[in-house]
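J.: Sending over a structure as C-alpha cells; questions will come in a sec.
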Amino acid sequence: MDFTVVANERLHFNYSLLKMRPTNGDKLPEILPGQFVQVEVAESKNTFLRRPISINFVDYEQNIIWLLVRNAGEGTRHLIESKINDVINMIIPLGNGFSMPSSDNAKTLLIGGGVGVAPLLYFGLILKNHGIQPQFLLGARSKADILELNEFEKLGKVHISTEDGSMGEKGLVTVHSILKEKFDNIYCCGPAPMMKAVAKLAKPIGAECEVSLENMMACGLGACLCCVEKTVKGNVCVCTEGPVFNINQLTWQI
Amino acid sequence: MDFTVVANERLHFNYSLLKMRPTNGDKLPEILPGQFVQVEVAESKNTFLRRPISINFVDYEQNIIWLLVRNAGEGTRHLIESKINDVINMIIPLGNGFSMPSSDNAKTLLIGGGVGVAPLLYFGLILKNHGIQPQFLLGARSKADILELNEFEKLGKVHISTEDGSMGEKGLVTVHSILKEKFDNIYCCGPAPMMKAVAKLAKPIGAECEVSLENMMACGLGACLCCVEKTVKGNVCVCTEGPVFNINQLTWQI
Amino acid sequence: MANLNIKIGNLKFKNPVLTASGTFGYGEEFTDFIDINRLGGYIIKGTTINHREGNPYPRMVETPSGMLNAVGLQNKGVDYFIEHIYPRISQYDTNLIVNVSGANVDDYVAVCEKLNPLEHVKAIEVNISCPNVKQGGMAFGTTCAGAAQVTKAVRNAYSGTVIVKLSPNVTDITEIAKAVEAEGADSVSLINTLMGMAIDTERQKPYLSTYTGGLSGPAVRPIAVRMVWQTAKAVNIPVIGLGGIMNGRDAIEFILAGATAIEVGTANFIDPSVTMKIIDYIDEYCIRHNVSDISELIGAVK
Amino acid sequence: MANLNIKIGNLKFKNPVLTASGTFGYGEEFTDFIDINRLGGYIIKGTTINHREGNPYPRMVETPSGMLNAVGLQNKGVDYFIEHIYPRISQYDTNLIVNVSGANVDDYVAVCEKLNPLEHVKAIEVNISCPNVKQGGMAFGTTCAGAAQVTKAVRNAYSGTVIVKLSPNVTDITEIAKAVEAEGADSVSLINTLMGMAIDTERQKPYLSTYTGGLSGPAVRPIAVRMVWQTAKAVNIPVIGLGGIMNGRDAIEFILAGATAIEVGTANFIDPSVTMKIIDYIDEYCIRHNVSDISELIGAVK
Numbered sequence: 010m011d012f013t014v015v016a017n018e019r020l021h022f023n024y025s026l027l028k029m030r031p032t033n034g035d036k037l038p039e040i041l042p043g044q045f046v047q048v049e050v051a052e053s054k055n056t057f058l059r060r061p062i063s064i065n066f067v068d069y070e071q072n073i074i075w076l077l078v079r080n081a082g083e084g085t086r087h088l089i090e091s092k093i094n095d096v097i098n099m100i101i102p103l104g105n106g107f108s109m110p111s112s113d114n115a116k117t118l119l120i121g122g123g124v125g126v127a128p129l130l131y132f133g134l135i136l137k138n139h140g141i142q143p144q145f146l147l148g149a150r151s152k153a154d155i156l157e158l159n160e161f162e163k164l165g166k167v168h169i170s171t172e173d174g175s176m177g178e179k180g181l182v183t184v185h186s187i188l189k190e191k192f193d194n195i196y197c198c199g200p201a202p203m204m205k206a207v208a209k210l211a212k213p214i215g216a217e218c219e220v221s222l223e224n225m226m227a228c229g230l231g232a233c234l235c236c237v238e239k240t241v242k243g244n245v246c247v248c249t250e251g252p253v254f255n256i257n258q259l260t261w262q263i
Numbered sequence: 010m011d012f013t014v015v016a017n018e019r020l021h022f023n024y025s026l027l028k029m030r031p032t033n034g035d036k037l038p039e040i041l042p043g044q045f046v047q048v049e050v051a052e053s054k055n056t057f058l059r060r061p062i063s064i065n066f067v068d069y070e071q072n073i074i075w076l077l078v079r080n081a082g083e084g085t086r087h088l089i090e091s092k093i094n095d096v097i098n099m100i101i102p103l104g105n106g107f108s109m110p111s112s113d114n115a116k117t118l119l120i121g122g123g124v125g126v127a128p129l130l131y132f133g134l135i136l137k138n139h140g141i142q143p144q145f146l147l148g149a150r151s152k153a154d155i156l157e158l159n160e161f162e163k164l165g166k167v168h169i170s171t172e173d174g175s176m177g178e179k180g181l182v183t184v185h186s187i188l189k190e191k192f193d194n195i196y197c198c199g200p201a202p203m204m205k206a207v208a209k210l211a212k213p214i215g216a217e218c219e220v221s222l223e224n225m226m227a228c229g230l231g232a233c234l235c236c237v238e239k240t241v242k243g244n245v246c247v248c249t250e251g252p253v254f255n256i257n258q259l260t261w262q263i
Numbered sequence: 004m005a006n007l008n009i010k011i012g013n014l015k016f017k018n019p020v021l022t023a024s025g026t027f028g029y030g031e032e033f034t035d036f037i038d039i040n041r042l043g044g045y046i047i048k049g050t051t052i053n054h055r056e057g058n059p060y061p062r063m064v065e066t067p068s069g070m071l072n073a074v075g076l077q078n079k080g081v082d083y084f085i086e087h088i089y090p091r092i093s094q095y096d097t098n099l100i101v102n103v104s105g106a107n108v109d110d111y112v113a114v115c116e117k118l119n120p121l122e123h124v125k126a127i128e129v130n131i132s133c134p135n136v137k138q139g140g141m142a143f144g145t146t147c148a149g150a151a152q153v154t155k156a157v158r159n160a161y162s163g164t165v166i167v168k169l170s171p172n173v174t175d176i177t178e179i180a181k182a183v184e185a186e187g188a189d190s191v192s193l194i195n196t197l198m199g200m201a202i203d204t205e206r207q208k209p210y211l212s213t214y215t216g217g218l219s220g221p222a223v224r225p226i227a228v229r230m231v232w233q234t235a236k237a238v239n240i241p242v243i244g245l246g247g248i249m250n251g252r253d254a255i256e257f258i259l260a261g262a263t264a265i266e267v268g269t270a271n272f273i274d275p276s277v278t279m280k281i282i283d284y285i286d287e288y289c290i291r292h293n294v295s296d297i298s299e300l301i302g303a304v305k
Numbered sequence: 004m005a006n007l008n009i010k011i012g013n014l015k016f017k018n019p020v021l022t023a024s025g026t027f028g029y030g031e032e033f034t035d036f037i038d039i040n041r042l043g044g045y046i047i048k049g050t051t052i053n054h055r056e057g058n059p060y061p062r063m064v065e066t067p068s069g070m071l072n073a074v075g076l077q078n079k080g081v082d083y084f085i086e087h088i089y090p091r092i093s094q095y096d097t098n099l100i101v102n103v104s105g106a107n108v109d110d111y112v113a114v115c116e117k118l119n120p121l122e123h124v125k126a127i128e129v130n131i132s133c134p135n136v137k138q139g140g141m142a143f144g145t146t147c148a149g150a151a152q153v154t155k156a157v158r159n160a161y162s163g164t165v166i167v168k169l170s171p172n173v174t175d176i177t178e179i180a181k182a183v184e185a186e187g188a189d190s191v192s193l194i195n196t197l198m199g200m201a202i203d204t205e206r207q208k209p210y211l212s213t214y215t216g217g218l219s220g221p222a223v224r225p226i227a228v229r230m231v232w233q234t235a236k237a238v239n240i241p242v243i244g245l246g247g248i249m250n251g252r253d254a255i256e257f258i259l260a261g262a263t264a265i266e267v268g269t270a271n272f273i274d275p276s277v278t279m280k281i282i283d284y285i286d287e288y289c290i291r292h293n294v295s296d297i298s299e300l301i302g303a304v305k
C-alpha cells in the first residue's frame with residue numbers, strides 16, 4: 010500500500026517522526042497498538058529488504074499514520090531523510106498488538122527505551138480511551154533522546170530516566186524509583202537487555218508483563234522463518250506470533 | 010570531483026540538460042571538445058558502475074559544465090531527475106577530443122544523431138573561436154527529439170533531418186541534401202549504424218572523418234579493458250584512445 | 004493471450020511461474036496479496052520426517068543485492084503437515100509441490116512414502132542442496148554418487164513427478180544433473196543458495212549463528228542463469244530455473260537460457276504480489292514479441 | 004598509528020592493501036588519483052608469453068551489485084612488458100607483483116623464467132582461475148591435479164614469492180588450496196570471479212560476446228568471505244582475500260575471516276582513490292579497537 014509523506018519532523022539528528030497518508034485516499038485499515046509495518050526503501054544502493062518499523066500513532070480522523078524512525082543504517086537513514094510528498098510503499102498492519110489489562114482499574118506502566126517508546130504512544134491512547142490511566146516510564150541516554158514527551162504527557166503521568174542524568178532520574182529505567190510501586194500490568198519496548206531487566210523486575214511482583222521484540226526480519230509475513238524467537242512453544246516467528254510477547258511465553262533466563 | 014547541479018532543463022521527456030558547477034568552487038580543468046565524464050549515480054538500487062556522459066558545453070566564465078543526458082535506463086533516469094543543489098561526483102575530463110581541421114578555411118560539417126549532438130555543441134564553439142564556420146546536420150526521430158537547436162544556430166548553419174519529416178528533410182541524416190556538397194572535414198556522433206553510414210559517405214569524397222564511439226565502459230580510465238574497439242592497431246580502449254577516432258583507424262567495413 | 008502452459012514430466016502447469024520452497028511458507032501467508040490459483044504451482048517449505056526446530060537466531064543478514072539465511076529446515080515434520088496443513092491448502096487450483104529433505108536416504112524415502120498417497124500433492128522437489136544443515140542436505144548434492152543415490156531411492160518411493168533441486172556449490176553442475184537424470188528424475192531445479200558468510204566487523208562476530216548461510220537474491224542471478232544455460236544443454240529433462248528472479252524480465256532471462264519453468268524466491272519477501280506481476284509480464288512479453296506459445300522462448304537465446 | 008606490516012613468504016608489505024590484477028592496469032592509469040607508493044603492493048594485469056588480443060567486444064555488463072567481464076587476458080605479452088612497461092613502473096616504493104597466465108604449463112614456466120631476473124618484480128600471482136579463456140585458465144584451477152601441476156612447475160621456474168590465485172567455481176576450494184600449498188606456493192589469493200551469464204531479453208542475446216563471463220563486485224563478497232574463512236583454516240600459508248571489497252569495512256571483514264592481505268578490484272572502477280581510503284580506514288579501525296598490530300585481527304572472527 011502506497012503512502013504519501015505529509016510531514017517529516019526531525020526530532021533529533023538521529024530520529025524522524027514521519028506522518029503519512031494513504032496515497033490513493035483509502036481509509037487506514039484497523040490498526041492495533043503494537044503492530045508494525047514493513048517499509049520499502051526505494052532508492053538506496055545498499056538496502057535490499059524492507060525495514061520493519063513499529064507504528065507510533067494512528068490518527069483516524071486525519072487518516073494519518075505516524076512512524077518514529079531511528080537512523081540505524083543506510084535504509085533507515087533514507088527514511089528519515091524523506092521529503093514531503095515522497096511516496097513510500099508499506100505492508101500494513103503486521104503482527105499482534107499488546108493485550109489490554111484484565112481489569113479497567115489495573116495499575117498500568119508503559120516502559121520505553123530510546124526509539125522503543127514508539128508503539129507506547131498509540132497504546133497509551135487506546136488505554137486512555139478504555140478508561141485506564143497509563144503511566145509512562147521513558148528512558149534514554151540523555152535529555153535529547155527523550156522523544157515525543159509532550160505527546161506522552163497528554164495521555165498520562167510520565168516518569169523519566171536518563172543515563173547521564175540530564176533529565177529525570179539518573180541511570181537506567183530499571184532503577185527508577187517508580188518501579189518501587191506495585192503495578193498490575195507492565196508493557197515494555199526497548200533494547201533487549203532493558204526488556205530482560207524489566208521482565209526480571211515484573212515477575213516477582215506478579216505483574217502481567219508484555220514486551221515487544223525487534224528481531225531481524227526479512228519478509229514480515231511468517232514465510233522466511235528468519236526472525237524466530239525461542240519460546241515455550243519452540244522457535245516462532247516474531248513477525249506473526251509477536252512482536253508482542255508475554256514474558257511467560259519466552260525462555261529468557263529471568 | 011563533486012559538482013553541484015545549478016540547473017536541470019528537461020528538454021524533453023527523455024532528455025535533460027544538466028548544468029553543474031564544481032562544489033568546492035575550484036576552476037574547471039581545461040576540457041577538450043569530445044571529451045567525456047564518468048558520473049557516479051549515488052542513490053540507485055540497480056546502478057553499480059559510473060555512467061560515461063559526453064560533455065555538451067563548457068562555460069568557463071561561469072565555471073559551469075553542461076551534460077545532455079538521455080534516459081537510457083535506471084542510472085541515467087536518476088541523473089535526469091536530479092534536483093538543483095544535488096551534488097554529483099564526476100571524474101573529469103576523460104578521453105581525447107576531436108582534432109581541428111587541418112586548415113582554417115576547411116569546409117566543416119558536424120553531424121549529430123539524437124543525443125549524439127551533445128559533444129558537437131562545445132566543439133562548434135571551439136571551431137567558431139578558431140575562425141572556422143561549422144555547419145551542423147542534426148538528425149532525430151521527430152521534431153521533439155531535435156535538441157538545443159537555438160544553441161547550435163548561434164554557432165553556424167543548421168540542417169535538420171527527421172525520420173517522420175516533422176522538421177527539416179524527411180529521412181535519415183545520411184540522405185540529407187547537404188551531403189551532396191563536398192566537405193573537407195566531417196565529424197559525427199550518434200548511433201553506430203548512423204556513424205558507419207556517414208563514414209561510408211565521407212570516405213569516397215576524401216573528407217577527413219572523425220566519429221565519437223559510445224562503447225560500454227566500466228572504469229573509463231583504461232584499466233578494465235572492457236570498452237575496446239577493434240582498430241588497425243588491434244583492440245584499444247575507447248575511453249583512453251578515443252572516444253573520438255578517425256575512421257581510418259577503425260576496421261569498419263566501409 | 005499467449006499459451007503459457009508447460010509440462011514437467013506428466014504434470015501440466017498453467018504457466019511457468021512457481022514459488023520457491025522456503026520463501027512462500029504454505030502459501031496461506033500470501034493470500035492477502037495474490038490469488039494462489041493463478042500460479043503455475045507452488046512449492047511449500049522443506050519437509051522432513053521429524054519435527055525440526057531449525058538453527059538458532061540470528062538466521063538472516065542482508066547483503067549487497069541479496070541476503071544470507073540459515074533457517075535450517077525448521078518444520079513440524081511430514082505427519083503434522085499431512086494432518087494439519089495439507090487439508091487446509093489442498094483445494095487450490097494449482098500444482099501443490101512439496102519440498103522434501105532428509106539427513107539420510109532413509110529419511111527421504113520415509114517422507115516420500117507418506118506423501119505418495121496424497122492426491123493433491125502433484126510433485127515433490129527433492130532438496131539435496133540445503134547448505135544449512137549438518138547432516139545430509141548439500142552433502143548429497145555435491146557429488147554425483149550422492150545425488151544419484153538419493154534420486155534412485157526417491158524415484159522408487161514416489162510415483163508422482165520428481166524434481167531434484169541442485170546445489171550451485173559445485174565445480175560442474177551439469178555432471179550432477181546428468182547423474183540425477185540417469186536415475187529417473189523428471190526435472191532438475193536450480194540453483195539453491197550459494198554458501199556465504201558475512202561478519203559484523205564492529206562486534207567481530209559472524210552475523211549468522213551458524214557462521215555460514217545460503218546466499219540468495221539478484222546478486223546470484225548471473226551465476227544461476229549461467230548454470231541453467233549449461234544444464235539445459237546437458238540434459239534432456241526440463242530444467243526449472245531460479246536464483247534472484249525479481250521481476251518478469253528476470254523470469255524471461257531464465258526461460259531464454261533454457262528454463263521450462265521458473266521459481267520466485269527471495270522476491271516474495273520484498274513484494275508479496277510479485278508472482279502475479281511476473282505472470283502478467285510474461286504474457287505481455289509474448290504478445291510484444293509475437294510469441295504464441297511460451298515453448299518458443301525456452302532456450303531461445305541466440 | 005598501528006603497525007600494518009604483514010609478510011607473505013619472505014616478502015614484507017607496508018600494509019595489507021593490494022590492487023587486484025586486471026582492475027588496476029599497470030598502476031599508471033591511477034597516478035592522478037592515488038599515491039601508488041602508499042599501497043602494500045599492486046598486482047598488474049594478467050601477462051602471457053605471447054601478445055593476446057582478448058575477446059571481442061562486448062566484454063562487460065553491469066549486474067546487481069556487480070559486473071560480468073570477459074576481457075580474456077588482453078595483453079601485449081611478457082617481452083613487451085619487460086621492454087616497455089617494466090622500466091616505467093619499477094621505481095615505485097611498493098611491491099610490484101605480476102599476474103601470470105598461460106594456456107599450458109610450458110607457457111606459465113616461460114613467463115616465469117623471463118620475470119625471474121627482474122629485481123623490482125617481488126612476486127608473481129599465478130592465475131589458474133580465469134574463466135574467460137578457452138585453454139588453460141580455470142581448467143587448471145578446478146582440479147587439485149591441475150592446480151598442483153602448474154604450481155610445481157612455476158615454483159621451480161621462479162625464485163621469488165609465488166601466490167596462486169584460486170577459482171571459486173569449485174566444490175571445495177580448501178582441497179585446491181591444500182594441493183597448491185603442498186607444491187610450495189607461498190600464498191593463495193581468492194577469489195577470482197564466479198562464472199556468470201546475463202541475457203538481453205529484448206534482443207534475446209547474451210550481453211557478452213563470449214556468452215559467459217566472470218562475476219565480480221560486492222554481489223559475490225559473502226561467497227568470497229566464506230571461502231577465505233574456510234581456506235585460512237585449511238592451510239598454513241597466508242591467504243590473500245578478495246571479492247567485492249568496496250571500502251575499509253569490507254577489507255576488515257576479510258582480515259577477520261583469515262586474510263593476511265586483501266586485494267581491491269572492481270571498486271577501483273567506481274572510485275579510483277578507494278585504496279587510499281581503505282588504508283586510512285584500516286588504521287583508524289585498529290586505533291578504535293585498540294589493535295596495535297594488524298596481525299591481531301587476522302582470522303580474529305569469534
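Sequence order for the protein chains is Z, X, C and B.
Take any residue in the first sequence, note its place counting from 1, add 9, and you have its number in the working numbering.
Take any residue in the second sequence, note its place counting from 1, add 9, and you have its number in the working numbering.
Take any residue in the third sequence, note its place counting from 1, add 3, and you have its number in the working numbering.
Take any residue in the fourth sequence, note its place counting from 1, add 3, and you have its number in the working numbering.
Every residue, glycine too, gets a C-beta built ideally from N, C-alpha and C.
1) Please identify the residue among Met198/B, Pro120/B, Ser162/B whose C-alpha is closest to the C-alpha of Ala227/C.
2) Under the three-state reduction of DSSP, which class applies to Gln152/B: helix, strand or coil?
3) Below 7 Å between beta carbons is the criterion; list the residues of the stretch 268 to 292 of chain C that meet it against any residue of chain Z, in chain order.
4) When you compare the CB of Tyr214/B with every CB in chain X, is at least one pair closer than 8 Å?
5) Check the Cβ of Val173/B against every Cβ in chain C and list those closer than 7 Å, keeping chain order.
6) Compare the C-beta of Met225/X with all C-beta atoms of chain B and state if any pair is closer than 8 Å.
7) List, in chain order, every chain B residue whose beta-carbon is nearer than 7 Å to that of Leu58/X.
8) Quick check on Lys191/Z: buried or exposed, where buried means 16 or more other Cβ atoms within 10 Å of its Cβ?
9) To the nearest angstrom, report how far apart Gly49/C and Leu121/B are at their CA atoms.
10) List the endpoints of the continuous beta strand (DSSP E) containing Phe45/X.
11) Of all Cβ atoms in chain B, is any one closer than 8 Å to the Cβ of Val183/C?
12) Counting contacts by CB-CB distance shorter than 8 Å, is Ala232/Z in contact with chain C?
13) Compare the Cα-Cα distances from Ala216/Z to each of Arg60/Z, Thr117/Z, Pro252/Z and report the closest residue.
14) Determine which residues of the stretch 246 to 264 of chain B have a Cβ less than 8 Å from any Cβ of chain C, and write them out in chain order.
15) Does chain B have any CB closer than 8 Å to the CB of Ile37/C?
16) Looking only at C-alpha atoms, which of Glu128/C, Asp175/C, Gly247/C, Ala188/C sits nearest to Ala151/C?
17) Report buried or exposed for Tyr69/Z, applying the criterion of at least 16 other Cβ atoms within 10 angstroms of its Cβ.
18) By Cβ distance below 6 Å, which residues in the same chain neighbour Arg55/B in space, the five residues on each side in sequence not counted?
19) Just mark Arg91/B as buried or exposed, buried being the case when its beta carbon has 16 or more other beta carbons within 10 Å.
20) Between Gly84/Z and Met249/B, what straight-line distance do the alpha-carbon atoms span, to the nearest angstrom?
T.: Inspection of the coordinates gives the following:
1) Met198/B is the residue among Met198/B, Pro120/B, Ser162/B whose C-alpha sits nearest the C-alpha of Ala227/C.
2) Helix at Gln152/B.
3) Of all residues in the stretch 268 to 292 of chain C, Asn271, Phe272, Ile273, Pro275 have a Cβ within less than 7 Å of some Cβ in chain Z.
4) No, Tyr214/B lies away from the interface with chain X (no Cβ there is under 8 Å from its Cβ).
5) Simply Thr174.
6) Met225/X belongs to the set of residues whose beta carbon lies under 8 Å from a beta carbon in chain B.
7) Result: Glu65, Met70, Phe272, Ile273.
8) Label assigned to Lys191/Z: exposed.
9) Roughly 58 Å separates the two Cα atoms.
10) Phe45/X -> beta strand (DSSP E) spans 45 to 48.
11) Judged by the 8 Å Cβ criterion, Val183/C is not in contact with chain B.
12) Yes, Ala232/Z counts as interfacial toward chain C.
13) The shortest CA-to-CA distance from Ala216/Z to any of Arg60/Z, Thr117/Z, Pro252/Z is the one to Thr117/Z.
14) Residues Gly247, Arg252, Ile255, Glu256, Leu259, Ala260.
15) Answer no: the Cβ-Cβ gap between Ile37/C and chain B never drops below 8 Å.
16) If we check each option's Cα against that of Ala151/C, Ala188/C comes out closest.
17) Exposed.
18) Leu76, Gln77, Asn78.
19) Classification for Arg91/B: exposed.
20) Approximately 18 Å between the Cα atoms of the pair.
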